[in-house]
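Colleague: Numbering of the sequence shown is given in this note's numbering, commencing with residue 2 and proceeding in unit increments.
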Amino acid sequence: MFCPPLDADHISHAARLAVKLKNKALAPLRNGDFRVYEDSVEKLSASGRAGDIAILFDKKQKFAGAGLYDPFSPVRVKVLSNSSSLPKIGQDLLTCLAKEALARREEGFAKTASTDAFRLVNGESDGFPGLVADKYSSALVLKLYSAAWLPHAGNIAAIFFQLLPQLDKLVIRLSRELAKLPETELYTLSDGKLFTLESMEKNREWDGKILFRENGLLFEADLVRGQKTGFFLDQRDNRKEVGRLAKNADVLNVFSYSGGFSLYAAKGGAKSVTDVDFSKYAIEESNRNFQRNMDCSGVKNCVHTGIVGDAFEVMSSLANQRKKFDIVIIDPPSFAKAASEVNNALRSYTRLARLGCSLVRNGGVLVFASCSSRVGKSELFPAVNSAIAESGYKEEIFNVTEHAFDHPAKFPESKYLKCQYARIFR
Ligand code: SAH
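(1) Quick check on this structure: which residue in S263, N345, D71 has the alpha carbon closest to the alpha carbon of H153?
(2) Please report the distance separating the alpha-carbon of C372 from that of K61.
(3) Counting only the same chain and skipping the five closest in sequence on each side, list residues whose C-beta sits under 8 Å from that of L18.
(4) Quick test of your reading: A149 and A51, contact by CB under 8 Å. State the CB separation rounded to the nearest angstrom.
(5) Where does E221 land, buried or exposed, given buried means 16+ other C-beta within 10 angstroms?
(6) What's the gap between the Cα of D117 and the Cα of K170?
(7) I want to check one thing, is the minimum distance from the CB of D456 to the heavy atoms of the ligand SAH below 7 Å?
(8) I'd like the list of long-range same chain contacts for I308, defined as Cβ closer than 6 Å, with 5 residues on each side in sequence excluded.
(9) Between the C-alpha atoms of V76 and K23, what's the straight-line distance to the nearest angstrom?
(10) So is P130 buried or exposed if we call it buried at 16+ other beta carbons inside 10 Å?
(11) Given a threshold of 16 other Cβ atoms within 10 Å of its Cβ, counted over all protein chains shown, does G1 qualify as buried or as exposed?
(12) Helix, strand or coil, according to DSSP, for A247 in the structure here?
(13) Specify, as a first and last residue, the run of the beta strand (DSSP E) that L22 falls within.
(14) Could you check whether L145 and L121 sit closer than 8 Å to each other, using their CB atoms as the reference points?
(15) Are K416 and V401 close, meaning C-beta to C-beta below 8 Å?
(16) What does DSSP give as the partner residue(s) for D276 in the beta ladder?
(17) Do you know how far the Cα of S317 is from the Cα of G310?
(18) Taking the alpha carbon of N321 as the point to measure from, which residue in I328, F313, D327 has its own alpha carbon closest?
(19) State the beta-bridge partners of I331 as determined by DSSP.
(20) Starting from the C-beta of K411, find all residues in its chain whose C-beta is less than 6 Å away, skip the five residues before and the five after it, and write them out in chain order.
(21) Taking the CB atoms as reference points, tell me whether F233 and G261 lie closer together than 8 Å.
(22) Hey, D251 and S273 are a contact pair by Cβ (cut 8 Å); roughly how many whole angstroms apart?
(23) Tell me, which residues are paired with K210 by DSSP?
(24) Measure the C-alpha to C-alpha separation of L353 and G270 and round it to an integer number of angstroms.
(25) Assess, as a yes-or-no matter, whether the region 388–403 is touched by the region 326–340 under the definition of 3 or more beta carbon pairs within less than 8 Å.
(26) Can you tell me whether D135 is helix, strand or coil according to DSSP?
(27) To the nearest angstrom, how far is the alpha carbon of S259 from that of G364?
(28) So, are the CB atoms of I331 and V366 less than 8 Å apart?
(29) So if DSSP puts L193 in a beta bridge, which residue, or which two residues, is it bridged to?
(30) Return yes when at least one heavy atom of the ligand SAH lies under 7 Å from the C-beta of F213, else no.
(31) Could you round the C-beta distance between L253 and N290 to whole angstroms and report it? I think they count as a contact, below 8 Å.
(32) Which same chain residues end up closer than 6 Å to V80 when comparing Cβ atoms and leaving out the 5 residues on each side of it in sequence?
(33) Taking Cβ positions, are F213 and S138 nearer each other than 8 Å?
(34) Hey, would you say K325 sits closer than 8 Å to L381, going by beta carbons?
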């Protein structure tokens, strides 16, 4: 393996940084918060580099926890342990956290034998604040949202390669903020950097595309250029639910990406599926995914159409043509990345809800999802539901769901995905 410093037990040798905390940091830390903010730091023993092991002390020099230092984020320390005794920070702790994350998923893995793509680590909810690890068949994707993980990515990969011997490829993905850091801070990593096992050096030309299975369906994902880490694993259960509802249905999948919902609908017996996405690459990927599953009779018999275009415009145009569907799925990208964008986001959601219900056949189903963590369930659904009522429709909400099992969300801010299923009546 050659993701530096994959060979070395780097974390055990990483610099230690003593961090003296202000009193206000102590209670949240004791209560399990994974964040130590910049303004809670009283004093540092040195200037501190990204990924240094931060040993936390209170003002009386009493040990308060440990984590990784991030000089680029207002959350200066990503807390790994708040135990009152000094934990063995290093490979041991990371291995232990990784094993716990796998154990948390064991039951779910067993239930989904025909699936080989999962989230292995869901950030702070799995004890790795600022880090996501997804597995697609034999490839591991590490997505870093904090510079604290940069020097440790190789170690994390090595741990998962050891725990899951089927893994032999690694992709590093960096959040937009991290990708902007100067190269000198990136420990030779870059967004989309690929690694393969030594025994696979011949495969050096691997381009980051991979085939994987989800509930028996075969999908491709582009782990380097794709959205998120290549696929929206968090929507797995909703896709399955749509599949259950789709018998003989005409389905409209808005914001379709690579056709996840569409393939499930087709497998579930949909008569037709129409994808809408403004990315031509997404529509092409969806077409390829349909081709790949022609051995499934539902997919073979389903009339599949892809429309490249803006969701709002395409939906308005379909509504003007008086087109109707039995199921309309609306799963937009996050419209509110900052608190200041929440009102605009809500306006977009209500516009989509109005357009969506006008395209549903009487008694058909509107599936409405949002992945904006800043727009909670209690804001989103009332707005969506009043838009539907104001448009003159009645609805029967019959299901509201959240993330799939491999996306545990322990903290309020980790809960981002919500999805509502409603029958729409005139
Ligand atoms: N439902 C998908 C995930 C959707 S991600 C799944 O389950 O896999 C959001 C998608 O919306 C992306 O593919 C992006 O290209 C597309 N998109 C974003 N804004 C859009 C717009 N205004 N019109 C059409 N597509 C849009």
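By construction, the Cβ of each residue, glycine as well, lies at the ideal position given by its N, Cα and C atoms. Only a predicted model underlies this, so the values are computations on that prediction, with no experimental measurement involved.
Modeller: Concretely, from the data shown:
(1) Cα-wise, what sits closest to H153 is D71.
(2) Their Cα atoms are separated by approximately 43 Å.
(3) If we look at L18 and ignore the five residues flanking it on each side, its Cβ neighbours are L45, S46, A47, G49, D53, I54, A55, I56, Y70.
(4) Beta-carbon to beta-carbon, A149 and A51 are separated by about 6 Å, close enough to satisfy the 8 Å threshold.
(5) By the neighbour-count rule (16 or more Cβ atoms within 10 Å), E221 is buried.
(6) Distance between the alpha carbons of D117 and K170 is about 14 Å.
(7) The structure shown has nothing for residue 456, since the chain only spans 2 to 427.
(8) Within the same chain, I308 has close Cβ partners V277, V315.
(9) Answer to the nearest angstrom: the Cα atoms are 14 Å apart.
(10) Taking a 10 Å sphere around the C-beta of P130, we find 16 or more other C-beta atoms and assign the residue as buried.
(11) Because the chain in this structure spans residues 2 to 427, residue 1 falls outside the shown range and cannot be described.
(12) In this structure, A247 counts as coil in the three-state DSSP scheme.
(13) 17–22 is the extent of the beta strand (DSSP E) around L22.
(14) Between L121 and L145, the gap from beta carbon to beta carbon reaches 8 Å or more.
(15) At a Cβ-Cβ threshold of 8 Å, K416 and V401 do not count as neighbours.
(16) Per DSSP, N254, G307.
(17) Spanning the two alpha carbons is a distance of roughly 11 Å.
(18) Sorting I328, F313, D327 by C-alpha distance to the C-alpha of N321 places F313 at the top.
(19) Residue pairing by DSSP places I331 opposite V255, F369 in a beta bridge.
(20) Correct list, in chain order: S126.
(21) Note that the C-beta distance between F233 and G261 is below 8 Å.
(22) Between S273 and D251 the Cβ distance is about 5 Å, and since that is below 8 Å, they are a contact.
(23) D223.
(24) If I take the Cα positions, the gap works out to 26 Å.
(25) Contact check between the region 326–340 and the region 388–403: fewer than three CB pairs, one atom from each, fall below 8 Å, which does not count as touching.
(26) Under the three-state reduction of DSSP output, D135 falls in the strand class.
(27) S259 and G364 have their C-alpha atoms roughly 28 Å apart.
(28) No. Outside cutoff.
(29) Reading the sequence as shown, one finds Gly at residue 193 and not Leu. Residue pairing by DSSP places G193 in no beta bridge whatsoever.
(30) Because no heavy atom of the ligand SAH lies under 7 Å away, the Cβ of F213 does not count as near it: no.
(31) Going by Cβ atoms, the distance from L253 to N290 rounds to 17 Å, so no, they are not a contact pair.
(32) F35, G66, G68, listed in sequence order.
(33) Yes.
(34) If you check the CB distance, K325 and L381 do not come in under 8 Å.
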